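First up is the structure itself, then whatever we jot down about it.
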Amino acid sequence: MRIKPQPAGLMWGKIRVPTLRGPVELAFSQDPGVRLRLEVFLPSGTSGQIWLPVPSGREFRLMLDGERCSGVLSEGWAIFEDVAAGWHVCEVSACSDKEGRP
27 MRIKPQPAGL MWGKIRVPTL RGPVELAFSQ DPGVRLRLEV FLPSGTSGQI
77 WLPVPSGREF RLMLDGERCS GVLSEGWAIF EDVAAGWHVC EVSACSDKEG
127 RP
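Every position in the sequence shown, counted from 1, becomes a number in the working numbering once 26 is added.
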């Protein structure tokens with residue numbers, strides 16, 4: 027399954043979507059253009075891709091479950107591939123001038 031939030035100007039939100047394998051749960055919070063944090067639950071027996079919008083025109087940092095990582099980049103989105111079932115925390119944040127991508 028693909029998780030691709032498009033929060034626009036919303037500062038936070040959450041949703042629970044029923045599926046045949048159990049509910050998918052998602053909660054996000056953001057500082058638009060600076061940071062987006064996503065908590066997601068994928069039910070047992072599933073996996074997914076998680077897409078997060080990257081800050082336009084800025085270097086950024088990606089985190090998955092507290093670890094800095096690199097994702098696949100596609101047209102303004104960072105993609106976390108093959109995310110296993112269970113709870114995960116994904117975050118994309120703009121870097122300061124002294125930081126850079128991994």
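Every residue gets a Cβ at the ideal spot worked out from N, C-alpha and C, and that includes glycine. Please read all numbers here as calculations on a predicted model, not as lab measurements.
8 Å contact criterion, which residue i and residue j should meet: CB distance rounded
i: Val118; j: Glu65; result: Wrong, their Cβ atoms sit about 14 Å apart, outside the cutoff.
i: Arg42; j: Ser70; result: At roughly 16 Å, the Cβ-Cβ gap does not stay under 8 Å, so Arg42 and Ser70 are not in contact.
i: Leu78; j: Leu99; result: Their Cβ separation, rounded to whole angstroms, is 11 Å, which puts Leu78 and Leu99 out of contact at 8 Å.
i: Pro44; j: Gly59; result: Not confirmed; about 33 Å, so no contact.
Sheet register partners of residue i (DSSP bridge)
i: Leu46; result: Per DSSP, none; premise fails for Leu46.
i: Ser96; result: Answer is none; Ser96 lacks a bridge partner.
i: Lys40; result: Ala53
i: Gln110; result: The residue asked about is misnamed: residue 110 is Ala in this sequence, not Gln. Paired residue(s): Ser73.
CB contact flag (residue i, residue j, <8 Å)
i: Gly97; j: Ile29; result: no
i: Ala120; j: Phe67; result: no
Reduced DSSP category for residue i - H, G, I as helix; E, B as strand; rest coil
i: Ser119; result: strand
i: Gly126; result: Because the pLDDT of Gly126 is 49, which lies under 50, any placement of that residue in the model is unreliable, and the question is left without a value.
i: Glu101; result: coil
i: Ala34; result: coil
Task: Runs of beta strand (DSSP E) wholly within the region 43–90 (minimum 3 residues, chain order) - done: 50–57, 61–79 and 86–90
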